[in-house]
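Residue numbers (this note's numbering): 2 to 404.
By construction, the Cβ of each residue, glycine as well, lies at the ideal position given by its N, Cα and C atoms.
These figures come from a predicted structure and were not determined experimentally.
Just below is one structure, and these are the notes that go with it.
This is how it looks when you write it as structure tokens:
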């Protein structure tokens with residue numbers, strides 16, 4: 002069998018027996034076809050068809066876009082599992098590149114989410130105040146000091162929510178119940194709109210919670226004030242500005258309304274909220290900076306990423322350029338590197354490196370998409386099966402196929 006691959010568009014011509022004529026041209030672009038070998042490590046029979054599952058026996062509902070990309074004439078030299086992985090990568094990176102408007106939209110929407118958070122935080126404090134006041138009258142015990150627990154719970158929840166970013170896995174992205182690409186861990190979080198919106202929401206909640214403490218607690222958070230809404234709102238705004246603007250208000254002696262006279266307890270309360278305001282503001286600025294830097298990630302991105310060689314060369318260049326992306330997003334770029342090597346047929350390298358880094362934040366479903374010529378999973382890990390799991394008609398996993 003003789004195989005020739007067009008170096009321009011990726012069309013593969015294969016003939017049994019006597020070989021191809023020297024003047025054979027690519028049916029797509031007209032260039033002459035140089036001699037090339039078949040896809041490494043995969044038997045020829047494995048390249049004769051295209052399955053709609055990410056791996057043999059693991060049936061996944063692929064979107065029409067993924068199926069169309071995997072059937073492109075430019076990837077006919079790949080085995081079916083390689084075509085699926087290639088289509089997933091192309092679809093994912095294309096969507097990230099075209100989502101710049103959504104990134105800007107997320108930041109523009111932050112003030113609206115901050116307003117919604119403010120109303121939500123103030124409503125929560127008001128509802129808790131009404132409930133605790135009623136219980137206090139019934140039990141003849143001062144229960145409204147329990148309002149201090151609500152901002153503490155909000156801050157702990159915000160800290161827990163932020164910690165999830167460090168543990169975000171690389172998983173399949175589903176659209177309408179069908180696999181339509183990948184979610185590349187922390188990179189996906191940067192390119193989606195939820196992070197700035199969530200920061201705005203928590204910032205507004207904290208603002209509303211401090212107003213609620215000043216207004217509804219019996220001691221008004223330790224300050225000698227009447228506790229009206231306008232007075233509490235100005236004190237909260239003053240505290241937020243003193244923190245967010247890095248002591249600019251302190252140095253120039255700027256205040257919203259009358260400067261508060263703190264005691265130990267009120268100073269502690271204000272300091273905790275000021276740290277929270279500072280944290281949300283800094284995370285917002287840092288998120289904007291990350292999105293600004295990642296515009297450089299797509300420099301040199303192929304105009305047509307379906308050209309396999311150009312696309313894989315671009316991934317290799319991004320994993321080793323001067324911006325040192327793998328240093329900041331190690332798991333995500335090691336995954337891209339292993340996917341590139343898998344598409345180039347370096348299966349032994351993928352297996353060896355994935356065993357050296359078994360704790361990569363890559364889901365077992367995504368690992369199972371990297372299938373070898375014998376149907377075994379190439380992308381190994383702590384919990385990845387040696388063979389891809391099969392899904393029964395009832396949607397349950399067949400455990401006989403797992404080790």
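Item, Value
"Quick check on DSSP: helix, strand or coil for residue 300?", "coil"
"If you drop the 5 nearest sequence neighbours on each side, which residues of the same chain put their C-beta closer than 7 angstroms to that of residue 98?", "299, 302"
"Between which residues of its own chain and residue 187 is the CB-CB distance below 7 angstroms, once the five residues before and five after are set aside?", "166, 169, 330, 333"
"When you compare each of 117, 217, 223, 260 to residue 204 by their alpha carbons, which one comes out closest?", "117"
"Leaving out the 5 sequence neighbours to the left and right, which residues in its chain are closer than 6 angstroms to residue 202 when beta-carbon positions are compared?", "114, 118"
"Which one of 63, 78, 81 has the shortest CA to CA distance from residue 92?", "63"
"Taking the alpha carbon of residue 200 as the point to measure from, which residue in 313, 287, 352, 353 has its own alpha carbon closest?", "287"
"Identify which residue in 207, 178, 141, 263 has its Cα closest to the Cα of residue 154.", "207"
"DSSP three-state call for residue 316: helix, strand or coil?", "helix"
"Short of 7 angstroms in beta carbon distance, which residues of its chain neighbour residue 277, apart from the five on each side in sequence? Order them along the chain.", "156, 207"
"In this structure, how does DSSP classify residue 390 when only helix, strand and coil are distinguished?", "For residue 390, the pLDDT reaches just 44, beneath the cut-off of 50, and the residue's location in the model is therefore unreliable, although a value from the coordinates is still provided. Reduced to three states, the DSSP call for residue 390 is coil."
"If you measure between the beta carbons of residue 293 and residue 218, is that distance less than 8 angstroms?", "no"
"For the beta strand (DSSP E) that contains residue 172, what are its first and last residues?", "171-176"
"Can you check whether the CB of residue 173 is closer than 8 angstroms to the CB of residue 367?", "yes"
"Considering Cα atoms alone, identify which of 80, 363, 94 is closest to residue 373.", "80"
"For residue 112, count neighbouring Cβ atoms within 10 angstroms of its own Cβ and tell me buried if that reaches 16, exposed if not.", "exposed"
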